[in-house]
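Using the numbering used here, the first residue of the sequence shown is number 15, and each one after it goes up by one. Note that CB positions come from ideal geometry on N, CA and C, so glycine has one too. Bear in mind that the values here come from a model prediction, so they are computed numbers and not experimental data. First the structure, in the form of structure tokens, and then the observations on it.
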Amino acid sequence: MSTSVVAARPPAQPTAILRGHRAQVHAAVFMRLDRTAAAGATMTADTRLVTGDSDGYVALWDLAIVRTRGVWRAHKNSILGIAAWDDAGQVVTHGRDHRLVVWQVGVADEARLSTVLPLDLEASSTPSSAASSASHPQPWMVHVLDVNTMNFCAFAWCGLVGSVAAVTAATTHATAASMPSTDKQLTPTSTPPTERLVAVPNTLTLEVADIYHLPSQRRINTVRLGTKEGMIMALALFYAPVTDTEATDDSQPTLVLIAAFENGVAVAALLRQGADGPADLVYRAQPHSQPILSLDVAPDRSYFLTSAADAVVAKHPIRVPAAPKKAAAVPASTLPSASPASPPAPPTLAGKPVSLLSAALAKEAAAASPPSPSNAPPTRGAATPLAPVEVETQPLAVINTKHAGQQGLRIRDDGRLFATAGWDARVRVYTAQTMTEVAVLKWHQTGCFAVAFAPVVVADTQREGEDEGKRKGEDERALAPTGGSTALASRHSRRDTSVKERRLRHAVTAHWLAVGSKDGKVSLWDIF
Numbered sequence: 015m016s017t018s019v020v021a022a023r024p025p026a027q028p029t030a031i032l033r034g035h036r037a038q039v040h041a042a043v044f045m046r047l048d049r050t051a052a053a054g055a056t057m058t059a060d061t062r063l064v065t066g067d068s069d070g071y072v073a074l075w076d077l078a079i080v081r082t083r084g085v086w087r088a089h090k091n092s093i094l095g096i097a098a099w100d101d102a103g104q105v106v107t108h109g110r111d112h113r114l115v116v117w118q119v120g121v122a123d124e125a126r127l128s129t130v131l132p133l134d135l136e137a138s139s140t141p142s143s144a145a146s147s148a149s150h151p152q153p154w155m156v157h158v159l160d161v162n163t164m165n166f167c168a169f170a171w172c173g174l175v176g177s178v179a180a181v182t183a184a185t186t187h188a189t190a191a192s193m194p195s196t197d198k199q200l201t202p203t204s205t206p207p208t209e210r211l212v213a214v215p216n217t218l219t220l221e222v223a224d225i226y227h228l229p230s231q232r233r234i235n236t237v238r239l240g241t242k243e244g245m246i247m248a249l250a251l252f253y254a255p256v257t258d259t260e261a262t263d264d265s266q267p268t269l270v271l272i273a274a275f276e277n278g279v280a281v282a283a284l285l286r287q288g289a290d291g292p293a294d295l296v297y298r299a300q301p302h303s304q305p306i307l308s309l310d311v312a313p314d315r316s317y318f319l320t321s322a323a324d325a326v327v328a329k330h331p332i333r334v335p336a337a338p339k340k341a342a343a344v345p346a347s348t349l350p351s352a353s354p355a356s357p358p359a360p361p362t363l364a365g366k367p368v369s370l371l372s373a374a375l376a377k378e379a380a381a382a383s384p385p386s387p388s389n390a391p392p393t394r395g396a397a398t399p400l401a402p403v404e405v406e407t408q409p410l411a412v413i414n415t416k417h418a419g420q421q422g423l424r425i426r427d428d429g430r431l432f433a434t435a436g437w438d439a440r441v442r443v444y445t446a447q448t449m450t451e452v453a454v455l456k457w458h459q460t461g462c463f464a465v466a467f468a469p470v471v472v473a474d475t476q477r478e479g480e481d482e483g484k485r486k487g488e489d490e491r492a493l494a495p496t497g498g499s500t501a502l503a504s505r506h507s508r509r510d511t512s513v514k515e516r517r518l519r520h521a522v523t524a525h526w527l528a529v530g531s532k533d534g535k536v537s538l539w540d541i542f
């Protein structure tokens with residue numbers, strides 16, 4: 015009898031290890047992934063991985079050659095979060111020195127940056143502002159915001175849809191002041207910079223978040239998201255489509271602010287009247303028994319995930335009810351006069367007497383409501399008050415992973431996978447739909463803090479097949495005896511070019527997963 019032995023699959027190994035930080039890596043993000051170029055025949059070497067450490071250093075890694083293109087010290091203290099604004103060629107860093115800085119880091123700007131890694135500096139030297147400024151010149155600062163960083167919560171951001179009344183008048187002046195002198199000569203047809211919103215925890219109150227507007231650099235809203243939940247540990251800010259079945263095609267997306275707290279509570283609030291309007295709490299749940307460490311929102315804005323210091327990973331719903339329609343315009347002849355209105359009579363039922371208790375309660379409610387000004391008639395066509403929203407309290411799913419201390423949770427942009435960085439030095443990959451663990455990545459010897467997915471690029475496989483067939487045909491013609499040494503040299507040149515193109519294509523189309531660890535190293539994995 016023969017028995018078949020199924021060999022165990024060897025553990026996955028990282029594609030590359032990026033050694034350069036001498037302090038623990040706290041944040042990572044991919045930038046400049048050109049999907050159009052990835053699917054075409056011409057490739058560019060602009061793909062970068064941006065990492066930040068606890069000493070305040072930022073490194074730009076070229077994924078095609080796995081080397082740095084720029085290094086500078088962005089903050090005097092630890093970096094909490096990093097974001098990449100590819101449309102403007104900018105990198106945003108949030109440090110524990112109470113500053114949020116927007117840096118201009120285009121491809122042309124990398125030439126003036128140093129490539130000396132913090133690990134290559136003398137071991138006896140300590141990071142200082144003077145030394146880092148001399149050896150590592152900084153990129154141009156576009157914006158600098160003084161924000162709160164006492165509670166270790168990284169910022170959240172999104173592009174602005176519509177306009178903000180509080181900053182419309184000041185935007186032009188603030189934009190001109192923030193530009194260098196060579197860029198202030200704007201023609202009337204020049205396109206203004208993209209407006210963005212940034213959310214950070216409030217400086218004075220634990221359960222409150224502040225929303226800032228860029229480029230005006232003004233705080234436009236202060237949103238209270240709780241009462242006694244403790245510090246805000248993670249934030250998310252985005253626009254979500256209306257989820258009601260009665261929503262029309264012209265329904266505008268609604269601004270959503272999500273916060274995760276120290277006591278394990280996750281909340282979601284809607285700002286249906288704009289970024290500077292009031293907030294309505296629509297979701298509040300407490301699936302965690304320990305502080306929430308990270309959260310991320312699904313690409314389709316239908317749910318968000320949270321991970322905490324406990325072993326629980328929870329999936330929460332995002333439902334945006336449609337706002338009530340505007341009231342019809344009131345004819346001028348039907349507007350009430352300016353005489354003071356008499357207090358409303360207690361409600362009665364036809365043919366039935368009203369009890370003394372009902373009348374007293376109605377009278378008390380009428381007295382408690384603020385009286386309307388006698389000389390201010392109703393505005394024509396004004397919107398009706400927003401209907402109260404029922405607060406949901408049940409998450410969609412809660413799983414116990416049996417592995418405490420998972421942070422840096424990120425969802426891949428195709429919505430299929432999400433990953434967490436574990437204090438046990440392991441990165442766990444889950445399916446987003448069923449929340450099933452599908453991979454455990456182990457290389458680091460110390461705890462992992464940051465995870466970053468590269469956007470998934472769907473290349474044109476048919477075009478790749480045509481290009482491969484074309485290259486084979488050219489190689490066969492190059493081997494013909496009529497070509498001689500010239501044909502052989504041309505063949506080698508085309509082969510070298512194709513190798514370079516394949517390397518660049520792999521740098522863009524690979525399903526990268528970057529992991530930052532306490533040991534200062536960044537592991538790069540190509541998964542699924």
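message = Rounded to whole angstroms, what is the Cα-Cα separation between L518 and I79?
response = Along the sequence shown, one-based indexing puts residue 518 at 504. Along the sequence shown, one-based indexing puts residue 79 at 65. Their backbone Cα atoms lie some 9 Å apart in a straight line.
ask   = I think G103 touches S92, with their Cβ atoms under 8 Å apart; what is that distance to the nearest whole Å?
value = As a first step, residue 103 must be located in the sequence shown, where it is residue number 89. As a first step, residue 92 must be located in the sequence shown, where it is residue number 78. With a Cβ gap of about 25 Å, G103 and S92 do not count as contacting.
request  = Under 8 Å by Cβ, that's how I've got T470 and D428 pegged, so tell me the actual separation to the nearest angstrom.
outcome  = Your numbering for residue 470 matches position 456 in the sequence shown. Your numbering for residue 428 matches position 414 in the sequence shown. In the sequence as displayed, the identity of residue 470 is Val instead of Thr. Between D428 and V470 the Cβ distance is about 5 Å, and since that is below 8 Å, they are a contact.
ask   = Taking just the CA atoms, how far does Q421 sit from V130?
value = Residue 130 sits at position 116 when you count from the first residue of the sequence shown. Residue 421 sits at position 407 when you count from the first residue of the sequence shown. The straight-line gap from Cα to Cα measures roughly 30 Å.
message = With a threshold of 7 Å on Cβ separation, who are the neighbours of V405 within its own chain once the five nearest residues in sequence on each side are excluded?
response = Taking the first residue of the sequence shown as position 1, residue 405 is located at position 391. The residues are L295, V296, Y297, R298.
inquiry  = Pull the bridge partners of A42 from the DSSP assignment, please.
reply    = Here residue 42 is taken as the residue at index 28 of the sequence shown, counted from 1. The partner list for A42 (beta bridge, DSSP) reads T65.
ask   = What did DSSP end up calling L32 once you bin it into helix, strand or coil?
value = Mapped onto the sequence shown, residue 32 falls at position 18. Reduced to three states, the DSSP call for L32 is strand.
request  = Could you check which residue in H35, L527, G95 has the C-alpha nearest to that of L309?
outcome  = For the purposes of this step, residue 309 is taken as residue 295 along the sequence shown, with counting starting at 1. When each option's Cα is compared against that of L309, the closest is G95.
H108 - containing beta strand (DSSP E), residue span = The count along the sequence shown starts at 1 and reaches residue 108 at position 94. Element bounds for H108: 104 to 109.
task = Going by DSSP, name the residue or residues bridged to F275.
result = Mapped onto the sequence shown, residue 275 falls at position 261. Answer is I246, bridged to F275.
Cβ pair count under 8 Å reaching 3, the region 221 to 237 against the region 154 to 161 = yes
key: For A439 and K456, the rounded distance between their alpha carbons   = Here residue 456 refers to the residue found at position 442 of the sequence shown. Here residue 439 refers to the residue found at position 425 of the sequence shown. Going from the Cα of K456 to the Cα of A439 covers about 7 Å.
inquiry  = With the cut-off set at 8 Å, would you say A273 and H302 are in Cβ contact?
reply    = Numbered from 1 along the sequence shown, position 259 holds the residue referred to as residue 273. Numbered from 1 along the sequence shown, position 288 holds the residue referred to as residue 302. In this structure, H302 does not lie closer than 8 Å to A273 by Cβ.
inquiry  = Which residues does DSSP list as the beta-bridge partners of V327?
reply    = Taking the first residue of the sequence shown as 1, we reach residue 327 at position 313. Bridge partners of V327: S321, I413.
ask   = Which one of G534, S537, A280 has the shortest CA to CA distance from V412?
value = If you number the sequence shown from 1, residue 412 lands on position 398. Selected option, being the one with the closest Cα: A280.
Opening and closing residue of the beta strand (DSSP E) in which A172 lies = Locating residue 172 in the sequence shown gives position 158, where the first residue counts as 1. Checking the sequence shown, residue 172 turns out to be Cys, not Ala. Counting along the chain, the beta strand (DSSP E) containing C172 begins and ends at 170 to 173.
request  = Can you give me the start and stop residues for the beta strand (DSSP E) that W457 sits inside?
outcome  = In the sequence shown, the residue the question calls residue 457 occupies position 443. From DSSP, W457 is part of no beta strand (DSSP E); its letter is neither H nor E.
ask   = From V334, A322, A466, pick the residue whose C-alpha is nearest to that of K416; which is it?
value = To locate residue 416, count along the sequence shown from 1; it is residue 402. Checked all of V334, A322, A466; the closest Cα to K416 is A322.
ask   = What do you get for I31, buried or exposed, if any count of 16 or more other CB atoms within 10 angstroms of its CB means buried?
value = Within the sequence shown, residue 31 is the residue found at index 17, counting from 1. That one is exposed.
ask   = Going by the beta-carbon positions, is the gap between Q38 and G534 smaller than 8 Å?
value = Walking along the sequence shown from the start, residue 38 turns up at place 24. Walking along the sequence shown from the start, residue 534 turns up at place 520. Cβ distance < 8 Å, so Q38 and G534 count as in contact.
key: Identity of the residue in G461, V43, L135 nearest A98 by Cα   = Residue mapping note: residue 98 aligns to position 84 of the sequence shown, counting from 1. If we check each option's Cα against that of A98, V43 comes out closest.
inquiry  = For a test of the three-state rule: what should DSSP assign to T523, helix, strand or coil?
reply    = By 1-based counting over the sequence shown, the position of residue 523 is 509. Looking at T523 - three-state DSSP - the assignment turns out to be helix.
task = Keeping to the same chain, check which residues put their C-beta closer than 8 Å to that of Q300; ignore five residues upstream and five downstream.
result = Within the sequence shown, the letter at position 286 stands for residue 300. Contacts found: N277, G278, V279, A280.
Environment of V513 [buried if 16+ CB atoms lie within 10 Å] = As a position in the sequence shown, residue 513 is number 499, starting the count at 1. So V513 ends up on the exposed side.
request  = Give the straight-line distance between the Cα atoms of P409 and L423, rounded to the nearest whole angstrom.
outcome  = For the purposes of this step, residue 409 is taken as residue 395 along the sequence shown, with counting starting at 1. For the purposes of this step, residue 423 is taken as residue 409 along the sequence shown, with counting starting at 1. Whole-angstrom Cα-Cα distance: 17 Å.
query = Which residues in the same chain as P313 place their Cβ atom closer than 6 Å to its Cβ, once the five residues preceding and following it in sequence are excluded?
reply = The residue you call residue 313 lines up with position 299 of the sequence shown. So the qualifying residues of the chain are D427, G429.
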